[in-house]
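Working notes, beginning with the structure itself.
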Amino acid sequence: MRHLPAGLRRLELTVTRRLDGLLQGDHLGLVPGPGSEAAEARPYLVGDDVRRMDWNVTARVAEPHVRDLIADRELETWVLLDASASMDFGTGDMEKRDLALAAVAAVGFLTERAGNRIGAHILHGGGSAGGARVVPARGGRAHLMALLHAISALPRAVPGERGRPLGGHAERLAAMLRRRGLVVVVSDFLDDPGTWERPLRRLAARHQLLAVEVIDPRELTLPDVGVLTLVDPETGRRREVSTASARLRERYAAAAAAQRGAVEAALRRTGAAHLRLRTDRDWVMDLIRHVVAQRRAGGPG
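What follows is the structure in structure tokens.
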């Protein structure tokens with residue numbers, strides 16, 4: 002799926018056929034202006050359109066009031082994508098990086114409409130840029146396909162070649178964005194939550210924030226398969242463990258559950274909508290459940 006443009010076209014069909022209509026819709030602007038959604042009431046000023054008189058407030062305070070409208074404006078979406086070495090792993094139906102690409106594609110295809118734009122801040126390796134590649138926000142299907150192709154064509158990260166951590170990139174993105182919109186963070190969130198919680202909270206204070214957590218089942222439990230060689234993709238360190246030990250498997254599962262619990266709690270404190278995708282599950286159905294739950298709750302994402 003990563004290397005063939007035909008794979009991206011199949012991904013587009015998967016998204017549009019199974020998810021079309023769930024994420025689309027008018028995006029409300031964040032400043033008052035011409036539009037159709039009611040905003041705050043304020044005292045009447047000479048020259049105001051009398052058709053916007055709020056008669057209920059006028060009667061209650063005995064002073065003429067009008068109600069402003071929220072402007073309908075284009076949506077600008079920015080993706081903060083983690084393409085570090087830990088994403089080059091997968092024991093399910095796909096690798097985590099493939100699942101991350103699918104998540105970006107879903108957001109891109111389903112928010113694509115006239116005037117909307119999407120850009121990306123991609124974490125990949127080290128180097129002078131701190132391991133970041135920035136794709137400017139532009140509109141149109143051609144730009145979206147080019148963005149997805151750039152992500153799918155990324156080479157595998159070199160173990161040990163790690164640039165600025167996720168929190169540093171979130172800070173950089175927050176400082177770069179001048180216009181309010183939607184920010185989607187796609188990562189396995191393996192960094193210490195203390196390093197990225199505050200930067201993500203800063204993003205959520207100004208933008209709608211969706212955190213897509215990508216995980217693999219082997220990151221949660223170990224199978225009983227005898228001696229297993231484990232490799233840290235970030236550092237390249239190797240270690241052999243005997244998975245026949247029930248106590249080892251229990252300790253591993255407990256530590257993994259505690260880690261994921263800490264990630265979930267930190268994301269909740271940031272105010273982000275949290276979507277968890279797994280490489281061994283139907284990611285489309287998980288995305289559908291998330292969207293339905295968010296719409297019922299009236300939350301972001």
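Using the numbering used here, the first residue of the sequence shown is number 2, and each one after it goes up by one. For every residue, glycine included, the Cβ atom is placed at its ideal position computed from N, Cα and C. Note that the coordinates shown come from a computational prediction; the quantities given were computed from them, not determined experimentally.
In whole angstroms, what separates the C-alpha of residue i from that of residue j?
i	j	result
residue 199	residue 280	28 Å
residue 53	residue 209	29 Å
residue 94	residue 42	53 Å
residue 196	residue 85	16 Å
residue 15	residue 81	23 Å
residue 173	residue 134	12 Å
residue 101	residue 259	23 Å
residue 251	residue 225	11 Å
residue 192	residue 262	14 Å
residue 104	residue 56	46 Å
residue 67	residue 76	27 Å
residue 117	residue 13	17 Å
residue 8	residue 295	30 Å
residue 59	residue 49	14 Å
residue 223	residue 291	27 Å
residue 283	residue 11	16 Å
residue 231	residue 99	21 Å
residue 297	residue 221	30 Å
residue 318	residue 240	With the chain running from 2 to 302 in the structure shown, residue 318 is simply not present.
residue 266	residue 293	22 Å
residue 69	residue 169	39 Å
residue 155	residue 171	20 Å
residue 132	residue 236	15 Å
residue 1	residue 146	Any property of residue 1 remains undetermined from this structure, which presents the chain solely from 2 to 302.
residue 219	residue 180	39 Å
residue 151	residue 289	26 Å
residue 249	residue 278	26 Å
What does residue i pair with, by DSSP beta-bridge criteria?
i	result
residue 135	122
residue 77	118
residue 65	Looking at the DSSP assignment, residue 65 forms no beta bridge with any residue, so it has no partner.
residue 159	Paired residue(s): none; residue 159 is not in a bridge.
residue 207	In DSSP, residue 207 forms no bridge with anything.
residue 54	67
residue 13	In the DSSP output, where bridge partners are listed per residue, residue 13 has none listed.
residue 44	66
residue 242	229
residue 258	According to DSSP, which records beta bridges pairwise, residue 258 is partnered with nothing at all.
Determine the burial state of residue i: buried for a count of at least 16 other Cβ atoms within 10 Å of its Cβ, exposed for fewer.
i	result
residue 112	buried
residue 129	Note that residue 129 has pLDDT 44, beneath the 50 cutoff, so the model's placement of it is unreliable and the number below is only indicative. Per the 10 Å Cβ criterion, exposed.
residue 182	buried
residue 256	exposed
residue 246	exposed
residue 227	exposed
residue 184	buried
residue 141	exposed
residue 46	exposed
residue 205	buried
residue 106	buried
Taking residue i as the reference, give the member of the options with the closest Cα.
i	options	result
residue 166	203, 237, 80 and 125	125
residue 178	214, 136, 58 and 152	136
residue 159	238, 185 and 148	238
residue 63	49, 51, 44 and 48	44
residue 203	268, 278 and 254	268
residue 143	132, 114 and 157	114
Residue i and residue j: beta carbons closer than 8 Å?
i	j	result
residue 78	residue 123	no
residue 201	residue 92	no
residue 244	residue 110	no
residue 234	residue 87	yes
residue 276	residue 186	no
residue 274	residue 211	yes
residue 97	residue 217	yes
residue 188	residue 89	no
residue 242	residue 229	yes
residue 190	residue 108	no
residue 121	residue 148	yes
residue 61	residue 285	no
Measuring only between beta-carbons, confirm whether residue i sits less than 8 Å from chain D.
i	result
residue 147	In the structure shown, chain D cannot be found, because there is only a single protein chain.
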